[in-house]
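Colleague:
Numbering (my numbering), first residue to last: 1295 to 1469.
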């Protein structure tokens, strides 16, 4: 049942997204605008952009790590603590029951609790710098692939008629 509901939401989102630009909108666009709209709506384009965003996030994290010079790990241990005795909960009682309840106490107990503390751990600067360089190289390569494939798509999409471009746009398909 949950899968049916989530598929319904996905379908509704796709219909809404595809309904954002109409055939009339496409007719009013220049060939370059139509080509950009067609190519930026494809799954391949979104996948390439997602990969680039992921690499950018990793690079930012690595640069921040190199700027601080350490990672923070948690050191956790189990400690036994004494929970002091306390008065009994007498909510909702009245009269003699309340008076009797107020005489009672919950005895002290021993509990195990997990206690964690942040611990800074120095990084290997050379290793992390090499990892940053690798990420930057991967980003440059991914950007080159994205730019080249987008250029090819846009070049093909420019030559499409308005109806063909709109049909490709609605299908989220490259020309």
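The C-beta atom is built at its ideal place from N, Cα and C for all residues, glycine as well.
Measure the C-alpha to C-alpha separation of residue 1393 and residue 1378 and round it to an integer number of angstroms.
Modeller: Along the chain shown, read from residue 1 onward, the residue named residue 1393 stands at position 99. Along the chain shown, read from residue 1 onward, the residue named residue 1378 stands at position 84. Going by the C-alpha atoms only, they are around 22 Å apart.
Colleague: Taking the alpha helix (DSSP H) that residue 1439 belongs to, which residues open and close that run?
Modeller: Looking up residue 1439 in the chain shown gives position 145. Here the alpha helix (DSSP H) through residue 1439 covers 1419-1452.
Colleague: Is any non-hydrogen atom of the ligand NAP found closer than 7 Å to the C-beta of residue 1366, if you look at the structure I gave you?
Modeller: As for the ligand NAP, it is missing from this structure, which has no ligand bound.
Colleague: Between the beta-carbon of residue 1369 and the beta-carbon of residue 1405, is there less than 8 Å?
Modeller: On the chain shown, residue 1369 is found 75 positions in, with the first residue counted as 1. On the chain shown, residue 1405 is found 111 positions in, with the first residue counted as 1. No.
Colleague: Could you please give me the residues that DSSP links to residue 1353 through a beta bridge?
Modeller: Against the chain shown, residue 1353 aligns to sequence position 59. DSSP output for residue 1353 lists no bridge partner at all.
Colleague: Compare the Cα-Cα distances from residue 1352 to each of 1330, 1339, 1427 and report the closest residue.
Modeller: Locating residue 1352 in the chain shown gives position 58, where the first residue counts as 1. Ranking the options by Cα distance to residue 1352, first place goes to 1427.
Colleague: Does the segment 1429-1444 come into contact with the segment 1460-1467, if we say contact requires no fewer than three beta-carbon pairs (one atom in each stretch) closer than 8 Å?
Modeller: Flag = no, the segment 1429-1444 and the segment 1460-1467 do not touch.
Colleague: Would DSSP call residue 1384 helix, strand or coil?
Modeller: As a position in the chain shown, residue 1384 is number 90, starting the count at 1. Coil at residue 1384, not helix or strand.
Colleague: Going by C-alpha to C-alpha distance, which of 1423, 1467, 1448 sits closest to residue 1325?
Modeller: On the chain shown, position 31 is the one that residue 1325 refers to. The shortest C-alpha separation from residue 1325 is found at 1448.
Colleague: By Cβ distance, which residues of its chain are closer than 6 Å to residue 1395, with the 5 residues on each side in sequence left out?
Modeller: In the chain shown, the residue the question calls residue 1395 occupies position 101. Hits under 6 Å: 1382, 1384, 1387.
Colleague: Apart from the five residues on each side of it in sequence, which residues of its chain come closer than 8 Å, Cβ to Cβ, to residue 1417?
Modeller: Within the chain shown, numbered from 1, the residue matching residue 1417 stands at position 123. Excluding positions up to five away in sequence, the list reads 1359, 1360, 1363, 1364, 1365.
Colleague: Is the distance from the Cβ of residue 1440 to the Cβ of residue 1349 below 8 Å?
Modeller: As a position in the chain shown, residue 1440 is number 146, starting the count at 1. As a position in the chain shown, residue 1349 is number 55, starting the count at 1. No. Outside cutoff.
Colleague: Determine the direct distance from the alpha carbon of residue 1357 to that of residue 1340, and round the result to whole angstroms.
Modeller: The residue labelled residue 1340 in the question sits at position 46 within the chain shown. The residue labelled residue 1357 in the question sits at position 63 within the chain shown. Going by the C-alpha atoms only, they are around 25 Å apart.
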